[in-house]
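Peer 1: This is the structure I have questions about; it appears just below.
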Amino acid sequence: MTRDQNGTWEMETNDNFEGYMKALDIDFATRKIAIRLHQTKIIEQDGDNFKTKTNSTFRNYDLDFTVGVEFDEYTKGLDNRNVKSLVTWEGDVLVCVQKGEKENRGWRQWVEGDKLHLKLTCGDQVCYQVFKKK
Numbered sequence: 004m005t006r007d008q009n010g011t012w013e014m015e016t017n018d019n020f021e022g023y024m025k026a027l028d029i030d031f032a033t034r035k036i037a038i039r040l041h042q043t044k045i046i047e048q049d050g051d052n053f054k055t056k057t058n059s060t061f062r063n064y065d066l067d068f069t070v071g072v073e074f075d076e077y078t079k080g081l082d083n084r085n086v087k088s089l090v091t092w093e094g095d096v097l098v099c100v101q102k103g104e105k106e107n108r109g110w111r112q113w114v115e116g117d118k119l120h121l122k123l124t125c126g127d128q129v130c131y132q133v134f135k136k137k
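To get my numbering, take the position in the sequence shown, counting from 1, and add 3.
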């Protein structure tokens with residue numbers, strides 16, 4: 004594994020995305036659209052500074068952060084909540100804890116070979132996504 008996550012990543016798999024969205028209380032119609040989307044993730048990394056864009060034909064989401072620095076995040080276009088987010092390294096894995104209305108919320112992201120792995124958690128639901136480097 005490597006800490007270098009730079010690049011453009013195309014979604015290959017998206018397991019249990021609907022369960023994850025249900026845990027976030029995302030409405031039925033939005034869930035039905037979102038599970039059919041193909042996402043592209045663009046990551047610009049300079050050391051511990053990240054600029055990320057997750058793009059699809061339905062919605063785009065930008066997130067900029069510095070590892071080890073807690074920040075206020077508004078999950079606009081996702082579940083539209085305010086959370087306190089903190090991203091840290093656990094070895095070569097980025098780990099984000101999001102504190103707010105929902106328990107056990109966050110994500111883990113890492114690179115193995117030409118694949119970016121993302122595990123999204125909310126409550127007892129886990130969504131596992133895999134992206135291939137473009």
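Backbone N, C-alpha and C define an ideal beta-carbon position, used for all residues, glycine too.
Here the structure is a predicted model, which means the values were calculated and not measured.
Would you list, in sequence order, the uninterrupted beta strand (DSSP E) runs of no fewer than 3 residues that lie entirely inside the region 5–46?
Peer 2: Whole beta strand (DSSP E) segments, 3+ residues: 10–18.
Peer 1: Could you tell me the boundaries of the beta strand (DSSP E) in which R62 lies?
Peer 2: What you label residue 62 is simply residue 59 of the sequence shown in a count that begins at 1. Run containing R62: none; DSSP gives neither H nor E here.
Peer 1: If you compare alpha carbons, which of D28, E73, T11, L89 is closest to G126?
Peer 2: Within the sequence shown, the letter at position 123 stands for residue 126. It is D28.
Peer 1: So, helix, strand or coil for R83, using DSSP?
Peer 2: Along the sequence shown, one-based indexing puts residue 83 at 80. It is worth fixing the name first, because residue 83 is Asn in this sequence and not Arg. Looking at N83 - three-state DSSP - the assignment turns out to be coil, as it is neither helix nor strand.
Peer 1: Please report how far the alpha carbon of M4 lies from the alpha carbon of R84, in whole angstroms.
Peer 2: Taking the sequence shown and counting its residues from 1, the one referred to as residue 4 is at position 1. Taking the sequence shown and counting its residues from 1, the one referred to as residue 84 is at position 81. Those two C-alpha atoms are separated by around 32 Å.
Peer 1: Using the Cβ count rule (16 or more neighbours within 10 Å means buried), how would you classify N17?
Peer 2: For the purposes of this step, residue 17 is taken as residue 14 along the sequence shown, with counting starting at 1. Buried is the call here.
Peer 1: When the Cα of V86 is compared with those of C99, W92, T69, which residue comes out closest?
Peer 2: Indexing the sequence shown from 1 puts residue 86 at position 83. Answer by Cα proximity: C99.
Peer 1: Thinking C-alpha only, which one of F61, R108, L66 is nearest T55?
Peer 2: As a working mapping, residue 55 is identified with position 52 in the sequence shown. Nearest of F61, R108, L66 to T55, Cα basis: L66.
Peer 1: Please tell me whether N101 and E76 are closer than 8 Å, where the distance is taken between their beta carbons.
Peer 2: As a first step, residue 101 is located in the sequence shown; it is residue number 98 there, counting from the start. As a first step, residue 76 is located in the sequence shown; it is residue number 73 there, counting from the start. Before going further, note that residue 101 is Gln rather than Asn in the sequence given. In contact: Q101 and E76 (Cβ atoms closer than 8 Å).
Peer 1: For N58 and K25, what's the separation of their Cα atoms in angstroms?
Peer 2: Locating residue 58 in the sequence shown gives position 55, counting from the first residue. Locating residue 25 in the sequence shown gives position 22, counting from the first residue. Distance between the alpha carbons of N58 and K25 is about 21 Å.
Peer 1: Verify whether the separation of the beta carbon atoms of I38 and F20 is less than 8 Å.
Peer 2: Here residue 38 is taken as the residue at index 35 of the sequence shown, counted from 1. Here residue 20 is taken as the residue at index 17 of the sequence shown, counted from 1. Contact flag set, yes.
Peer 1: Since K137 and W12 are thought to touch, with beta carbons under 8 Å apart, how far apart are those beta carbons, to the nearest angstrom?
Peer 2: In the sequence shown, counting from the first residue as 1, residue 137 sits at position 134. In the sequence shown, counting from the first residue as 1, residue 12 sits at position 9. Contact flag correct, Cβ pair sits at about 7 Å.
Peer 1: Suppose contacts are defined by Cβ-Cβ distances below 8 Å. Is V70 in contact with T91 by that definition?
Peer 2: Reading the sequence shown from its first residue, position 67 is the one you call residue 70. Reading the sequence shown from its first residue, position 88 is the one you call residue 91. For V70 and T91, yes; Cβs fall inside 8 Å.
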